[in-house]
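A.B. asks:
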Amino acid sequence: MSLRVGLIGYGTAGAFFHAPLITATPGMTLRSVVTSREVPDGVRRLDRPDQLWEDHDLVVIASPNRTHVPLATEAVLAGVPVVVDKPFAPSVEEARALTSLASSRDVPITVFQNRRWDGDFLTVKDLIRSGALGRVRRFESHFDRWRPTPKETWKELPGREEAGGVLFDLGAHLIDQALQLFGPARSVYAEVNKQRDGVQVDDDFFLALTHESGVLSHLASSTLAAQPGPRFRVLGSSSAYVKYGLDVQEAALRAGEGPGSPDWGVEPEEAWGLLGVAGETTTPVETKPGSYQYFYAAMVSALRDGSPVPVAPESAIATLEIIESALDSPQGFVELPED
8 MSLRVGLIGY
18 GTAGAFFHAP
28 LITATPGMTL
38 RSVVTSREVP
48 DGVRRLDRPD
58 QLWEDHDLVV
68 IASPNRTHVP
78 LATEAVLAGV
88 PVVVDKPFAP
98 SVEEARALTS
108 LASSRDVPIT
118 VFQNRRWDGD
128 FLTVKDLIRS
138 GALGRVRRFE
148 SHFDRWRPTP
158 KETWKELPGR
168 EEAGGVLFDL
178 GAHLIDQALQ
188 LFGPARSVYA
198 EVNKQRDGVQ
208 VDDDFFLALT
218 HESGVLSHLA
228 SSTLAAQPGP
238 RFRVLGSSSA
248 YVKYGLDVQE
258 AALRAGEGPG
268 SPDWGVEPEE
278 AWGLLGVAGE
288 TTTPVETKPG
298 SYQYFYAAMV
308 SALRDGSPVP
318 VAPESAIATL
328 EIIESALDSP
338 QGFVELPED
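For the sequence shown, the working numbering begins at 8 and goes up steadily by one.
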């Protein structure tokens, strides 16, 4: 029997990411959406989240960030497994409490860190694993945008409880990717800024993480990047890898495509990154196909077979610890507390 899925929120995340990915996943059916907007044919539109607690096998929370913890808590108390869109919570304390509650009630909970399955990130991961770069010394990751005028959305609302701003938004992806590649960070140098006229939340950041493994990660995002830099630059002891452009899956989802479409997740050759040494030899590296569909396929296995959830909530807490440290400390160097 197909797992009955209820989706809370039908904005960008719900409509362009979760709904099409759920629909494309064997063993899942998008049964209901809690929203005031129009929903796809064959899907029930509901008015209240509590209408999902009794007849759904999984609830996905894709509503504004401030609602993530309250709604996930209600679902866990009702015994319904939960997917929470990133960021997991506005604070480490809330994330830990929610994780502890879910564990005590044996309710699966996970966080939608979909960019673990970006094609370019999977390529970087493969290059590091293969030793093609030698020993990695520095990892640079940028996610830039050109949005000179702030939008009137909840992501621009001030107040920590809103979890707005680019650090909670794109930073949650960049930090998560760095921790997945190189392990825990022992310190962070942070610059978090407000650059656009009238903006009330951070719209620019630079973080330098020193990992316990010795690797240095430089992570940055700006909404005033009229000319973005490389998405990735990975410097190793024997070679480097430089990659421009973003993973193709988001644009495909926004265009109405999904997993199963021809060439899903496949990047054109002209966008491939280069591996090698400038002035000597550089070689294009085929970008591995992106695979956002893995997240919900893994969730089916977790609910049916007891396999691990695709993203452990503890890993999302580690990301929040860095975000919180960067926001709460003066600009500059921050020593992260030991567990």
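All C-beta atoms in this analysis are idealised placements derived from N, C-alpha and C, irrespective of residue type, glycine included.
I'd like the span of the alpha helix (DSSP H) that includes tyrosine 301, first residue to last.
C.D. replies: The sequence position of residue 301 within the sequence shown is 294, counting from 1. Its alpha helix (DSSP H) spans residues 300-312.
A.B. asks: Is aspartate 125 buried or exposed, if buried means 16 or more other CB atoms sit within 10 Å of its CB?
C.D. replies: Locating residue 125 in the sequence shown gives position 118, counting from the first residue. Under this definition aspartate 125 is a buried residue.
A.B. asks: Starting from the C-beta of glutamate 274, find all residues in its chain whose C-beta is less than 6 Å away, skip the five residues before and the five after it, and write them out in chain order.
C.D. replies: Numbered from its first residue, the sequence shown carries residue 274 at position 267. Cβ neighbours of glutamate 274 beyond the five flanking positions: Gly126, Val255, Thr294.
A.B. asks: Threshold first: 4 residues or longer. Then list the alpha helix (DSSP H) segments lying entirely within the stretch 73-123, N to C.
C.D. replies: 75-84, 99-111
A.B. asks: Is it right to say tryptophan 153 is buried, meaning 16 or more other beta carbons lie within 10 angstroms of its own, or is it exposed?
C.D. replies: Counting from one through the sequence shown, the residue named residue 153 turns up at place 146. When all chains shown are included, tryptophan 153 counts as exposed.
A.B. asks: Have a look at leucine 186 and threonine 326 and give me their C-alpha separation to the nearest angstrom.
C.D. replies: Within the sequence shown, the letter at position 179 stands for residue 186. Within the sequence shown, the letter at position 319 stands for residue 326. Approximately 8 Å, taken between the alpha carbons.
A.B. asks: Could you tell me the alpha carbon to alpha carbon distance between phenylalanine 128 and glutamine 58, rounded to whole angstroms?
C.D. replies: As a position in the sequence shown, residue 128 is number 121, starting the count at 1. As a position in the sequence shown, residue 58 is number 51, starting the count at 1. When rounded, the distance between both Cα atoms is 38 Å.
A.B. asks: Could you have a look at proline 291 and say whether DSSP puts it in helix, strand or coil?
C.D. replies: Counting from 1 along the sequence shown, the entry for residue 291 is found at position 284. In the structure shown, proline 291 falls within a strand segment according to DSSP collapsed to helix, strand and coil.
A.B. asks: By the three-class DSSP mapping on this structure, what secondary structure does valine 208 have?
C.D. replies: By one-based count along the sequence shown, residue 208 stands at place 201. It is coil, neither helix nor strand.
A.B. asks: Give the DSSP-derived three-state secondary structure of phenylalanine 150 in the structure shown.
C.D. replies: Locating residue 150 in the sequence shown gives position 143, where the first residue counts as 1. Phenylalanine 150 falls in the coil class under three-state DSSP.
A.B. asks: Rounded to a whole number of angstroms, what is the C-alpha to C-alpha distance between arginine 203 and asparagine 72?
C.D. replies: Locating residue 203 in the sequence shown gives position 196, counting from the first residue. Locating residue 72 in the sequence shown gives position 65, counting from the first residue. C-alpha separation (whole angstroms): 22 Å.
A.B. asks: With distances taken between CB atoms, is the gap from valine 318 to arginine 123 smaller than 9 Å?
C.D. replies: Sequence index remark: in the sequence shown, residue 318 carries index 311 (1-based). Sequence index remark: in the sequence shown, residue 123 carries index 116 (1-based). Yes.
A.B. asks: Do you know how far the Cα of arginine 55 is from the Cα of arginine 38?
C.D. replies: The residue you call residue 38 lines up with position 31 of the sequence shown. The residue you call residue 55 lines up with position 48 of the sequence shown. If you take the alpha carbons of arginine 38 and arginine 55, they lie about 14 Å apart.
A.B. asks: Going by DSSP, what residues sit across from leucine 216 in a beta bridge?
C.D. replies: The residue labelled residue 216 in the question sits at position 209 within the sequence shown. According to DSSP, which records beta bridges pairwise, leucine 216 is partnered with Val195, Ser224.
A.B. asks: Rounding to the nearest angstrom, what Cα-Cα distance links histidine 25 and glycine 190 in this structure?
C.D. replies: Start at 1 with the first residue of the sequence shown, and residue 25 comes out as number 18. Start at 1 with the first residue of the sequence shown, and residue 190 comes out as number 183. Straight-line Cα distance between these residues: approximately 28 Å.
A.B. asks: Would you list the one or two residues that DSSP bridges to serine 39?
C.D. replies: Against the sequence shown, residue 39 aligns to sequence position 32. Its beta-bridge partners are Gly13, Arg51.
A.B. asks: In chain order, what residues of the same chain have a beta carbon less than 6 Å from the beta carbon of alanine 227, not counting five sequence neighbours either side?
C.D. replies: The count along the sequence shown starts at 1 and reaches residue 227 at position 220. Around alanine 227: His149, Phe213.
A.B. asks: Rank Leu281, Ala82, Ala259, Val195 by C-alpha distance to the C-alpha of proline 27 and give the top, closest one.
C.D. replies: Mapped onto the sequence shown, residue 27 falls at position 20. Sorting Leu281, Ala82, Ala259, Val195 by C-alpha distance to the C-alpha of proline 27 places Ala259 at the top.
A.B. asks: Expressed to the nearest angstrom, what Euclidean distance is found between the alpha-carbon atoms of glutamate 22 and arginine 261?
C.D. replies: To locate residue 22, count along the sequence shown from 1; it is residue 15. To locate residue 261, count along the sequence shown from 1; it is residue 254. The sequence given here places alanine at residue 22; glutamate does not occur at that position. Straight-line Cα distance between these residues: approximately 9 Å.
A.B. asks: Does lysine 250 come out as helix, strand or coil in the three-state DSSP assignment?
C.D. replies: Numbered from its first residue, the sequence shown carries residue 250 at position 243. Of the three classes helix, strand and coil, the one that applies to lysine 250 here is strand, per DSSP.
A.B. asks: Does DSSP put leucine 177 in a helix, in a strand, or in coil?
C.D. replies: By 1-based counting over the sequence shown, the position of residue 177 is 170. Reduced to three states, the DSSP call for leucine 177 is coil.
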